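> The working numbering applies: residue 4 is where the sequence shown begins, and numbers increase by one. Note that the Cβ used here is the ideal one computed from N, Cα and C, for glycine as well. Since the structure is predicted, the reported quantities are computational estimates derived from the model, not experimental observations. My questions will all concern the structure given below.
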Amino acid sequence: MGVDGGRHVVIMGPQGAGKGTQAALVAPRLGLIHVATGDLFRQVMASDSELGREIRRYYDRGALVPDELTLRMLMERLDAVKQEHPDARGALIDGFPRNQAQAEALDRAMAERNERIVAVVHIAVPREVLLERLSGRLICATCGATYHRLFNPPKQAGVCDVCGGQLYQRSDDTPEAVERRLAIYYEQTEPVLRHYTEAGLRIDIDGNQPIEAVTEAILAALRPRVEAA
């Protein structure tokens, strides 16, 4: 991953901002490996590793996984990325850090590894747009097909185009539930964004535009930092 170790990027954004979509599009075009901690948790817990068993113990009793375990999991994945993709510039980290303590722990871990975060992309979308995006989702109770009231409506209201099943809205997709999820996100991540602003790493991207335009804006902002010698 280069003479100075990995050159990593963190991507942040609230639910509905398109963070996962953009990470998957941007990473390969910059020579980065997309590392999503949500996927990583599922993979590690499905394995029979010591770390997997440790993390499962917290999940099974409904407890939060400690930051140090999450960080250990992430660092192990970055080690694997080095082995599997020796020509990659680094990782595009999606889903971590989520709070100030995690951001500080990640800084320390990077310094110990002689690696660094070269940029933090923050996809910004107005709250009312996020509410519209997130609270419009509908799911077929029979086949699981997904729709959106505004962006991908079914041909007949309340009826699945695929199998004719009944469409419903998940309880965590109601406007009230979405508001609560967004409030928690902003409360936790505001200090993280300040942390990276002070470090000169934060890049704000307007996420309230077509997917392709967001992708191009991210690439234009990141190329000078990621591709630097």
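(1) Taking the CB atoms as reference points, tell me whether residue 208 and residue 170 lie closer together than 8 Å.
(2) Using alpha carbons as the reference points, say which of 83, 145 and 109 lies closest to residue 74.
(3) For residue 2, which residues in the same chain have their Cβ closer than 6 Å to its Cβ, ignoring the five residues on either side in sequence?
(4) When you compare only the Cα positions, how much space is there between residue 102 and residue 219?
(5) By how many angstroms is the C-alpha of residue 27 removed from the C-alpha of residue 167?
(6) Can you give me the Cβ contacts of residue 107 inside the same chain, cut-off strictly under 8 Å, excluding the 5 residues immediately before and after it?
(7) So what's residue 247 in DSSP terms, helix, strand or just coil?
(8) Taking just the CA atoms, how far does residue 58 sit from residue 5?
(9) Rounded to whole angstroms, what is the Cα-Cα separation between residue 7 and residue 112?
(10) In three-state DSSP terms, what is residue 172?
(11) Determine the direct distance from the alpha carbon of residue 156 to that of residue 232, and round the result to whole angstroms.
(12) Decide yes or no for the touch test of the region 88 to 98 against the region 182 to 197: beta carbon pairs closer than 8 Å, at least 3 of them.
Here's the rundown:
(1) Cβ atoms of residue 208 and residue 170: not closer than 8 Å.
(2) Ranking the options by Cα distance to residue 74, first place goes to 109.
(3) This structure cannot speak to residue 2, because the chain is shown only from 4 to 232.
(4) Each residue's alpha carbon lies about 28 Å from the other.
(5) 32 Å
(6) 198
(7) Lying outside 4 to 232, the shown extent of the chain, residue 247 is not represented and no answer is given.
(8) Because the pLDDT of residue 5 is 39, which lies under 50, any placement of that residue in the model is unreliable, and the question is left without a value.
(9) Any reading at residue 7 is ruled out, since the residue's pLDDT is 45, under 50, leaving its predicted position unreliable.
(10) coil
(11) Confidence is the limiting factor: at residue 232 the pLDDT is only 48, short of 50, which leaves the residue's position unreliable, though a coordinate-based value still follows. Using only the alpha carbons, I get a separation of about 47 Å.
(12) no
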